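Report on one structure; see the data block that follows.
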Amino acid sequence: MIIKRNREHYSRCTALYISAACMLLGINLTPTLSAEPFQILDSDLTPAQQPANASAQPFQMLANDTQAGKTTTYQGTESAGDAEITNNAGDAVYFNDRSTAAAAALINNTGGTTRFNDQSTAASAFITNNADAQLSFHQDSTAADARITNNGGGSLSFNDHASAGSAVITNNGTASFNDNASADNALITNNATGTLNFNDQSDAGRRNIYNNGQVRFADQSSAKNSLIDNNQTGSIEFSDNSSAASGNINNSGQLTFADESSAAQAAIVNNQTGTIRFDGNAGAADATITNNGSTRFAGNSAAQDARLINNADANLHFQDQANAGSSMIVNAGDLTFSDRSSAENATILTSEGGATHFQDHADGGTSQIQINQNARLDVSRMANNQLSIGVLSSAGSVNLGRTVLTAQDKIVLNESSQLNLVLGYGQLIAQDVELQGGALEIERAADLLYALGETYRIIDAPNLSGSSFSPDIKHDFAFATPQLSTDGTGVVLERNTVQFASAAQTNNQTAIANALESLAPDSLPYRVMISGSQKDASYSFDQLSGEIHATTAGAVHDNSSLLRLALMERARQVSGDEQPRATAWQSWLTINGALTKHDGDSNAASARLNGYSATGGVDYTLENDFTIGLAGSYEQNKLKISDRSSTADISTLGAGLYGAWVYEGLRLRSGAAYQHHSIDTDRNLALPMLNGQLESSYNGWTGQIFAEAGYRFDMAGINLEPYGRISYVHSRFDRFQEYGLSDTALSGRATALDNTIGTLGIIMSKRFLLDNDLQVNARFEAAWNRNFGDRNAVRQLAFSSGLPFDIAGASTDRNSLLLDARLSFWRSERLGLDIIYSGLLGSNSQSHRFGSTATLRF
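Residues -35 to -1, 1 to 823 in mature numbering (1 follows the signal peptide of the UniProt record, and there is no 0) are what the sequence shown spells out, letter by letter.
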């Protein structure tokens, strides 16, 4: 410890006094001889008696060689005056009894301690408490008018009944009020690194606390009458049974009430950047909270009897199982009750620009709700579509959505009010309903199938008084007009003059729209249309159209090319492409996998056909220039139209004849085939208000003939064969009747498709002789394909009670490119294996086939 006094001045004065006394007594203090320098002689040293064999010991610093930290105690009525006191490690200063620090300047460094006990006072002292130092007040001591700075890492505490008096305290470390201590009239600044704790039954006094760090009230502590400014970086937490008492809190940071804490009678202003949270079983009690930021009641907290003023752009939220108690809420911002929270017996006034929301499983209790002009009440997001309150009076907007809102007492809607609801779901129920005019806006339920002439109740009240809603109802129906019922408590839909076809965007949609118009108003397809909006109509047309039947017909007709190409490929092989042979009979089997994609167009949706086929046969060669053959085939394909939620399974059995004649370079080939198709369709009607499956089963057949002429010659070791081919295909499909979903099922008349196809191309091939008698024949073909028939398959369909209509399927290409590549492997004259790829590529569709052919000669 260092206590600075005028010691040098004292020493000099003492020397002068001694010199003067010696002169008066005649004593000469000056020696006659000159002083010799001080020397230590051998005789001055007396060696200690040690054993002869003793060895030298190392030097040691013993405990009694050091001086412990100093303790200074002021007691009685002693005063530190204007002393400058510095406490270092181990030093301590105690003020006991009625002693005072007066105007001292006291610095507590690391390890230093200053303690005020009894009724001592810090008076007007300047006290600096540094890191790892302790400054404490006990019993009835007081900080009085001291200036106290508690730096980072320092500890400042007030205990027992100690008081901070009127001190000015700047805290950067940890400051605590414990037991029954009080901040009294102190001015406290708690900086960003500071923590200020109120524990036990301590209180924050009656003056200002400026907080940028953390302030915590725990146990049964209280903010008392303090004025607390909580800045943006600041955090204030009330926990346990602590209370904000009658404090005034200006919050721009975080303010939390947890456990059983209470806002009591506090006046709290929550600024735009501020956040207030009540959690656990905390309560707002009788506080007045003015919210400009975010205030949230969570857990089981309650607003109790508080006055909550939620200003414009502010957010007040009750969540979990929190409740509004008997509070008075004035809302000009956003007020939300969510989860299982409750408005209980609150009085809620929503003023201009404000919105009050009930959602999830929230409860309105017996609350009294008033909605002013240009304000909103929204209950449309209730999980169970039910909400009960006490009283509702509205001059603004009430949005029910699908919710049934029940008032236990009365509902009043005045002339400026607006009621929004989903027709068929939303409804007002009360013992007394008073209508003073107002507007009605209804929304369609996407999942409800409406009916013309039916009354949809919107108000249920034994006692209905006043006038009625305005007859001009806002709505989003496209083909129906809502009208108020005679008593004004319901809405009846009437057909308007808007034609279904006005919403059509394609030829298919126009065709079915006209057919729907001819149906009875109570039929399901008709009700689907009057239940929809203008935007929904296009989708409904496509779902109801049965487009799968037209696209299936076209896809089956086009896919007949698989058998035709298999027969033609076989005719080419026996007319000169394959390994020369010595036997007349041979058999073959081709396995294919195929994928065809139709891109669709503005009228019909895209489709995808995939499947597999097996084609096999035998042929016989006469004198190496003429061959005839017989073949059979089986195909299994699946057609899918994703945009129409439709599929078709197609099984096909086929048989064919083919022949080839060779004369020098000239090649002539021809054939004919017949196929029988079994078709099973499945439509999943995926409308919001109507869904289910529509199925059908029917048959069809395809007959075709084809002829090809080519001339083969060699060029640079490569065999070239330009050729031309003509094919004629005729398909016929039986009539059908869908089943499922009552009168939405369609029937289709029998239909036929014809097409003539011209092909011009060239074949290039070359044979290679490899080791071990393995021969490989590589062949490539490119051709232009031209369809001369109709590009779109059309089916005439009809509902059970309506006019027939024509629906077109996905279109095929007028012109396309045919590509074919093949590798043939022969190990002997009797056994061969081919690997095949062929593709038909057009602008609207692309078909790819991969396969393999095995050939056996005998």
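Where is the CB? At the ideal position from N, CA and C, for every residue including glycine.
Here the structure is a predicted model, which is why all the values come from computation and not from measurement.
Sorted by chain position, which residues of the same chain lie with C-beta nearer than 6 Å to residue i's C-beta, five sequence neighbours on each side aside?
{"i": "residue 299", "result": "280, 320"}
{"i": "residue 519", "result": "758, 774"}
{"i": "residue 608", "result": "570"}
{"i": "residue 65", "result": "44, 86, 88"}
{"i": "residue 591", "result": "626"}
{"i": "residue 246", "result": "225, 265"}
{"i": "residue 814", "result": "557, 559, 803"}
{"i": "residue 397", "result": "375, 428"}
{"i": "residue 159", "result": "136, 137, 178"}
{"i": "residue 243", "result": "222, 262, 266"}
{"i": "residue 306", "result": "283, 284, 287, 327"}
Pick out whichever of the options has its Cα sitting closest to the Cα of residue i.
{"i": "residue 718", "options": "697, 725, 712", "result": "697"}
{"i": "residue 523", "options": "721, 422, 172, 125", "result": "721"}
{"i": "residue 59", "options": "529, 632, 244, 36", "result": "36"}
{"i": "residue 568", "options": "199, 809, 83", "result": "809"}
{"i": "residue 437", "options": "430, 285, 812, 446", "result": "446"}
{"i": "residue 618", "options": "643, 611, 627, 635", "result": "643"}
{"i": "residue 597", "options": "204, 652, 556, 287", "result": "556"}
{"i": "residue 349", "options": "159, 332, 660, 304", "result": "304"}
{"i": "residue 706", "options": "789, 685, 776, 490", "result": "490"}
{"i": "residue 127", "options": "120, 144, 139", "result": "144"}
{"i": "residue 665", "options": "699, 683, 676, 635", "result": "699"}
{"i": "residue 495", "options": "415, 432, 456, 473", "result": "415"}
{"i": "residue 71", "options": "100, 63, 55", "result": "100"}
{"i": "residue 450", "options": "408, 458, 515", "result": "458"}
Return the bridge partner residues of residue i from the DSSP annotation.
{"i": "residue 346", "result": "324"}
{"i": "residue 862", "result": "The question about residue 862 has no answer, for the chain in this structure spans -35 to 823."}
{"i": "residue 133", "result": "112, 152"}
{"i": "residue 428", "result": "397"}
{"i": "residue 805", "result": "783, 812"}
{"i": "residue 62", "result": "Looking at the DSSP assignment, residue 62 forms no beta bridge with any residue, so it has no partner."}
{"i": "residue 491", "result": "For residue 491, which the question treats as bridged, DSSP gives no partner whatsoever."}
{"i": "residue 654", "result": "Answer is none; residue 654 lacks a bridge partner."}
{"i": "residue 369", "result": "351, 392"}
{"i": "residue 173", "result": "192"}
{"i": "residue 293", "result": "272, 312"}
{"i": "residue 668", "result": "639, 695"}
How big is the Cα-Cα spacing for residue i and residue j?
{"i": "residue 714", "j": "residue 663", "result": "11 Å"}
{"i": "residue 163", "j": "residue 116", "result": "19 Å"}
{"i": "residue 357", "j": "residue 420", "result": "25 Å"}
{"i": "residue -8", "j": "residue 48", "result": "Any answer about residue -8 is weak, because its pLDDT of 45 lies below 50 and its placement is not dependable; what the coordinates show is given next. Spanning the two alpha carbons is a distance of roughly 41 Å."}
{"i": "residue 552", "j": "residue 583", "result": "4 Å"}
{"i": "residue 325", "j": "residue 385", "result": "19 Å"}
{"i": "residue 817", "j": "residue 657", "result": "42 Å"}
{"i": "residue 716", "j": "residue 500", "result": "33 Å"}
{"i": "residue 629", "j": "residue 537", "result": "14 Å"}
{"i": "residue 427", "j": "residue 374", "result": "12 Å"}
{"i": "residue 224", "j": "residue 250", "result": "14 Å"}
{"i": "residue 693", "j": "residue 640", "result": "14 Å"}
{"i": "residue 231", "j": "residue 124", "result": "25 Å"}
{"i": "residue 820", "j": "residue 801", "result": "14 Å"}
{"i": "residue 173", "j": "residue 343", "result": "42 Å"}
{"i": "residue 211", "j": "residue 333", "result": "28 Å"}
I'd like the span of the beta strand (DSSP E) that includes residue i, first residue to last.
{"i": "residue 605", "result": "591 to 606"}
{"i": "residue 182", "result": "179 to 182"}
{"i": "residue 365", "result": "362 to 366"}
{"i": "residue 386", "result": "383 to 387"}
{"i": "residue 724", "result": "716 to 734"}
{"i": "residue 454", "result": "Residue 454 -> no beta strand (DSSP E), and no H or E assigned at all."}
{"i": "residue 282", "result": "280 to 283"}
{"i": "residue 81", "result": "78 to 81"}
{"i": "residue 145", "result": "Premise fails: residue 145 is in no beta strand (DSSP E) and is neither H nor E."}
What residue does the alpha helix (DSSP H) around residue i start on, and which one ends it?
{"i": "residue 476", "result": "472 to 482"}
{"i": "residue 704", "result": "That residue, residue 704, is in no alpha helix (DSSP H); it is neither H nor E in DSSP."}
{"i": "residue 518", "result": "512 to 524"}
{"i": "residue 502", "result": "499 to 509"}
Which residues in the same chain have their Cβ closer than 8 Å to the Cβ of residue i, if we skip the five residues on either side of it in sequence?
{"i": "residue 738", "result": "792, 793"}
Using C-beta distances below 7 Å, list every residue in its chain close to residue i, excluding the 5 sequence neighbours before and after it, in chain order.
{"i": "residue 329", "result": "308, 323, 352, 353, 354"}
{"i": "residue 339", "result": "317, 318, 361"}
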